[in-house]
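J.:
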Amino acid sequence: MTDTAASDPLAPARDREVLRRRLRGYGLLSPALSVTIAMLALPMAALFLLSFWTQSGFELDRTPTLANYAELVRPSAEPTVWFGIPFHLAYPVPAILMVKSLVMSLMATLAVIALAYPMAYFLAFRVHRHKALWIILITVPFWTSYLLRVFAWKVVLGFNGAINSGLKTLGIIDEPLEFLLYNPGAVVITLAHSWVAFAILPIYVSLEKIDRSLLEAASDLGDSRWQRFRRVTLPLSAPGTVAAALLVFIPTVGDYVTPTLVGGPGGTMIGNLVQDLFLKQNNAPLGAAVAITMMGIIAVLVALFLWAIGYARIRSRRL
Amino acid sequence: MRGKFNILWVYAGFFIIFLYGPVLLMPVFALNDGTFATFPLKGFTLKNFAAMAANTSMILAFQNSLKIAVFVAVLSTALAIPAALALTRFRLPGGAAIQSFMMLPLVIPSIVIAVALLVIILKILGIGLSLFTVAAGHVIVCLPFCISVLMSRLEGFDPSLEEASRDLGCGAWTTFWRLTFPLALPGVISSLLMGFIISFDEFVIAFFLTGTETTLPVYLFSQLRFPNKLPGVLALGSLILVGSALLVIAAEVIRKRGVASSNPGDF
Amino acid sequence: MNPATPIIELREVEKRFGALTVLRQINFDIARGEFFSLLGPSGCGKTTLLRILAGIEQPSSGTLLIDGQPMAGVPANRRPTNMVFQSYAIFPHLNVEENIGYGLRNQPLSKAEAQARVAEALSLVKLDGLGTRNAHQLSGGQRQRVALARALVCRPKVLLLDEPLSALDKKLREEMQLELRALQRTVGITFVFVTHDQEEALTLSDRIAIMAEGQVMQLDTPRGLYERPANRRVAEFVGTMNLVPGRLCGGRLDAGALGAFAGSMVGVLPEGAEAFLALRPEKLVLHPGAGSGGNPSLAGRVTEAAYLGDRIHYQVTAEGLDRPLSVSVNNVAEGFGLGTPVTLSWAEGAGLILGP
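Protein chains in written order, with the numbering used here: chain A, 1 to 319; chain B, 1 to 267; chain C, 1 to 356.
#1: In chain order, what are the residue ranges of uninterrupted beta strand (DSSP E) at least 3 long that sit wholly in the stretch 46–128 of chain A?
#2: What do you get for residue 307 of chain C, buried or exposed, if any count of 16 or more other CB atoms within 10 angstroms of its CB means buried?
#3: Check this for me: beta carbons of residue 73 of chain B and residue 196 of chain B, under 8 Å apart or not?
#4: Could I get the ranges of all uninterrupted alpha helix (DSSP H) runs contained in the stretch 229–270 of chain C, with 4 residues as the minimum, in chain order?
#5: Going along the stretch 167–183 of chain B in order, which residues come within less than 7 Å of chain C, judged by CB to CB distance?
#6: Helix, strand or coil: how does DSSP classify residue 319 of chain A here?
#7: So, at 7 Å on beta carbons, what are the nonlocal neighbours of residue 274 of chain A in its own chain, with the 5 sequence-adjacent residues on each side left out?
#8: To the nearest angstrom, report how far apart residue 83 of chain C and residue 188 of chain C are at their CA atoms.
#9: Looking at chain A, is there any beta carbon in it that lies within less than 8 Å of the beta carbon of residue 224 of chain B?
#10: What are the boundary residues of the beta strand (DSSP E) that includes residue 226 of chain C?
#11: Determine contact between the stretch 207–223 of chain B and the stretch 83–96 of chain B, defined as no fewer than three beta-carbon pairs at a distance below 8 Å.
#12: Among B:145, B:165, B:116, B:178, which has the Cα closest to the Cα of residue 80 of chain B?
#13: Go through the stretch 145–231 of chain B residue by residue and report every complete run of the beta strand (DSSP E) that reaches 3 residues or more, in order.
#14: According to DSSP, which residues form a beta bridge with residue 328 of chain C?
#15: Mind listing which residues of the stretch 82–105 of chain C have their C-beta closer than 7 Å to chain B's C-betas, in chain order?
#16: Excluding the 5 residues preceding and the 5 following residue 254 of chain C in the sequence, name in chain order all residues of the same chain whose CB lies nearer than 8 Å to its CB.
#17: Flag this pair as yes or no: are the beta carbons of residue 45 of chain C and residue 65 of chain C separated by less than 8 Å?
#18: Could you tell me the boundaries of the beta strand (DSSP E) in which residue 92 of chain C lies?
#19: Does any residue of chain B bring its CB to less than 8 Å from the CB of residue 72 of chain C?
#20: Using only the alpha-carbon positions, how far apart do residue 4 of chain C and residue 79 of chain C sit?
#21: Would you verify that the beta carbon of residue 188 of chain B is, or is not, closer than 8 Å to some beta carbon of chain A?
#22: Assuming residue 226 of chain C and residue 238 of chain C form a contact by the criterion Cβ under 8 Å, report the distance between their Cβ atoms to the nearest whole angstrom.
#23: Kindly confirm or deny that the stretch 105–113 of chain B and the stretch 219–233 of chain B touch, where touching means at least three C-beta pairs closer than 8 Å.
#24: Between the stretch 135–163 of chain B and chain C, which residues of the former have a C-beta closer than 8 Å to a C-beta of the latter?
#25: Any chance the stretch 224–234 of chain A sits against the stretch 101–114 of chain A, with 3 or more Cβ pairs inside 8 Å?
#26: Exposed or buried, which one is residue 267 of chain C when buried takes at least 16 other CB atoms within 10 Å?
#27: So residue 154 of chain C contacts chain B; which residues on that side make the cut at Cβ distance below 8 Å?
#28: Give me the Cβ distance between residue 187 of chain B and residue 149 of chain B, rounded to the nearest whole Å; I'm assuming they're in contact under 8 Å.
#29: Answer yes or no: does any C-beta atom of chain B fall closer than 8 Å to that of residue 56 of chain C?
#30: Between the alpha carbons of residue 98 of chain B and residue 173 of chain C, how many angstroms are there, rounded?
#31: State yes or no: is the beta carbon of residue 267 of chain B nearer than 8 Å to at least one beta carbon in chain C?
#32: Helix, strand or coil, according to DSSP, for residue 211 of chain C in the structure here?
#33: Hey, out of C:331, C:170, C:317, C:319, whose CA is closest to residue 311 of chain C's CA?
#34: Which same chain residues, not among the five before or five after residue 74 of chain C, have their C-beta less than 7 Å away from its C-beta?
#35: Going along chain B, which residues have a C-beta under 9 Å from residue 122 of chain A?
#36: For residue 280 of chain A, which of helix, strand or coil comes out of DSSP?
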């Protein structure tokens, strides 16, 4: 058999056919790919490059140096204490904001999953009629202006906002509650509200894909409803839930709009620092270093998380 | 059975209130005849909406946003169609890696995309900021969404449809125009609408990359600082919310309906 | 073209997907106007071969001629073949007429001519009046008819059918079998039909190629396949066959303790080779009691009986045989109870001697 293949005079022509088809495929991909390279990969590379330059006044010093990164970790004998954590750094703002952003983003992500999972479960197992309508109802808010949705919370929580004026009208309080707005809690609530709709879909899809006969089999083998949920439904929906958590966590760490509008001085995040360094302090190289460090830390944390929970195993488990 | 059923339905009700409540307060206060967004409501008025007609800088920003959004929707969809075709129809070595690469803007915080573009535009290329730079930034965030929408549409087809078209005498080009494109059309429209909405509503990238001319979200943001501008902001915000909600619903309905009627299994 | 030349000629056609060889040494001709079936279990390569005829797949080596023309490098859209897909592949965005007229737009026809052809095709498949129905309003049987009309309307030289009846329920399938056969006689086009259902292939075909593991095991008429299967595998695939294993010894099958049996040899087997005596259930005669039959015969006991109305099927376990023998008798004589000792006999020439 093999010697006929080797001596087949038409084999090169067929290889050419395969090659031509592949070339056509890459040709179709190339416009979108080149745009992504030109407008994402190259700018990211430029940002990376910039983080090794320095700003002196209005001039950009293009000598490659690690000075910006060194600045972020320059030690100091005098620790800055934040929530009982001492930061032994001469310029502690980026480190503190980074930790704070990660904590706030993590809280928002946990809140999102806690809110989204029951809703996704409801959509997958309880809604039988007008399913498409429900899904549209859930997803529409995500696509409407992010800026306005965040601003809406300012209207709700503000000093003269809906909650305060509503409670005052009802005679429950005399003075507006000041703790509602301009603090990390407001940022977490707003972030959770903004992203919850986005998180429902992946969880819903992984629940919907579960073969209903697996659930019947679990009941048949003696599981109660709760045992069945814990032993079958939850593990099988883990890939979608993890994906949802990451889809929320990664972009919210660097969010800018929410802390700016509802965070106040106490609720600022790392994104505000990046904006400040680029547009106000005119220190783009340091801003670039902060942005790159943030991306690096997120990437490492996500990788560690996926490794810790054995994500590859969880995903491959479902055939 | 019954009890569990009810608890989840009650939860779903609260969830919808949580999801829509804050947003729906905006049109409520916009129609309220008062300077602050406070209870009790004072009375119904349309004056906040009427005032917008006289606001020239807002109208200008609106026009800019419209221009950018149309341009971005068309360009991203035009780029996404061949890419989605290649990713669903050709088994390309490295195709999965290329796809993940093109989906990256979904997980990079937009502020990082914004400053990266700012760096290359100002420090490396040395071009000035304009509506074009905003549009460029928007294309990169819209592209992954457009590709996903189109891919999910194209993946739904029975592969023998294209084989049947070839078998009935159509070449690759004719097959595309007579079969693939009409079948993908709901996806194409959905992709255009998605691209339009994302670009029209996008703030962070526009905030960093606008020159002298602003877009509507940037204009809106600049107004948020002034408490006396609040009624106008609420009115404009309500209109934007209603407009984008309608567009999203249209996009979703078109996409879903298309999928339902082309399912080869439903006799 | 010369009507004597075959419509399809396959020479040394092979197909490999990477390291996997799915078709090897395919060599046969299909005559003009023939109803030709490719029969085999799933994964035997029959669909791949059909797709090679259609031009959807390219052979890895070998040549294919259709109507005397070499097909190497001729894409699906320039071949004189049309296909009825297993999923029917009805275009969901077009109605019935538009689906049927799809291929005609690629032919130099006036609008009126094309319309007339579509109408003619609609009535050929008995779908008159349903021309403006949408694809998703059709039943399974109607989709199948649209797919058939859409292919036939292009007047192909060869119509390729990929398990077109497998999605239909049993009753509809039997109806469609008859219709398909009648349709093929009406239009006179060569049909190449892929199926895994041996009954369907026997009912419909002029000739059948039995395929297994990418090779053609036997190519013959239905009668030929049934009466002279080339080997044990074909014999077991087409109908029911009783097999007595043994070795070839002086032109007879030596089945050890059971004795030596004569039979008509199929093919050439070397002396001492592993072979089987093959007996169809209806060629066997049942006699009550042990050792009462003539020669050749086997003794055993009835272990299973199935009453089928016009016939009764018995399972007879014979000593020295692993598997029970199937016997089919006319329901005229008195029946045999379970456990009854019986003797099976057959006419001298009724048994075949087959290789594995």
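Note that the Cβ used here is the ideal one computed from N, Cα and C, for glycine as well.
Since the model is a prediction, treat every value here as computed from it, not as a measurement.
T.: Quick answer:
#1: List check, beta strand (DSSP E) in window: 54–56, 59–61, 75–82, 85–89.
#2: Exposed, because fewer than 16 other Cβ atoms sit within 10 Å of the Cβ of residue 307 of chain C.
#3: Yes, the pair counts as a contact, with Cβ atoms nearer than the cut-off.
#4: Qualifying alpha helix (DSSP H) stretches, in chain order: 232–237.
#5: Under the 7 Å Cβ criterion, the stretch 167–183 of chain B contributes 167, 168, 169, 170, 171, 179, 182, 183.
#6: Model confidence at residue 319 of chain A stands at a pLDDT of 41, short of 50, so the residue's coordinates are unreliable; what they give is reported in the following sentence. Coil, per DSSP.
#7: If we look at residue 274 of chain A and ignore the five residues flanking it on each side, its Cβ neighbours are 287, 290, 291.
#8: Each residue's alpha carbon lies about 16 Å from the other.
#9: Yes, residue 224 of chain B counts as interfacial toward chain A.
#10: Taken as a continuous stretch (DSSP letters only), residue 226 of chain C belongs to no beta strand (DSSP E), being part of the alpha helix (DSSP H) at 222–227.
#11: The stretch 207–223 of chain B is not in contact with the stretch 83–96 of chain B.
#12: It is B:145 whose Cα lies nearest to the Cα of residue 80 of chain B.
#13: As summarised for the stretch 145–231 of chain B, there are no continuous beta strand (DSSP E) elements at least 3 residues long confined to that stretch.
#14: Under the DSSP definition of a beta bridge, residue 328 of chain C partners with C:313.
#15: Residues passing the 7 Å Cβ filter: 82, 83, 85, 87, 89, 91, 92, 93, 102, 103.
#16: So the qualifying residues of the chain are 246, 247, 248, 260.
#17: Taking 8 Å as the Cβ cut-off, residue 45 of chain C and residue 65 of chain C do not qualify as a contacting pair.
#18: Counting along the chain, residue 92 of chain C sits inside no beta strand (DSSP E), nor does DSSP assign it H or E at all.
#19: At a cut-off of 8 Å, the C-beta of residue 72 of chain C has no neighbouring C-beta in chain B.
#20: The alpha-carbon atoms of residue 4 of chain C and residue 79 of chain C are separated by roughly 21 Å.
#21: Contacts with chain A at 8 Å (Cβ-Cβ) do not include residue 188 of chain B.
#22: Contact holds; Cβ gap of about 6 Å.
#23: Contact fails: fewer than three Cβ-Cβ distances are below 8 Å.
#24: Within the stretch 135–163 of chain B, the qualifying residues are 158, 160, 161, 163.
#25: At 8 Å Cβ cutoff, the stretches do not touch.
#26: Residue 267 of chain C comes out exposed.
#27: Using a Cβ-Cβ cut-off of 8 Å, residue 154 of chain C is close to 168, 169 of chain B, given in chain order.
#28: About 6 Å separates the two Cβ atoms, so the contact holds.
#29: True, the Cβ-Cβ gap to chain B drops below 8 Å.
#30: The straight-line gap from Cα to Cα measures roughly 46 Å.
#31: For residue 267 of chain B, the predicted model reports a pLDDT of 28, less than 50, meaning its position is unreliable and no value from the coordinates is stated.
#32: Looking at residue 211 of chain C - three-state DSSP - the assignment turns out to be strand.
#33: Ranked by Cα distance from residue 311 of chain C, the options C:331, C:170, C:317, C:319 are led by C:331.
#34: Closer than 7 Å at the Cβ level, and outside the excluded window around residue 74 of chain C, lie 55.
#35: Contact note: residue 122 of chain A reaches chain B through 8, 9, 11, 12, 15, using a C-beta cutoff of 9 Å and chain order.
#36: The answer is helix: DSSP assigns residue 280 of chain A an H, G or I state.
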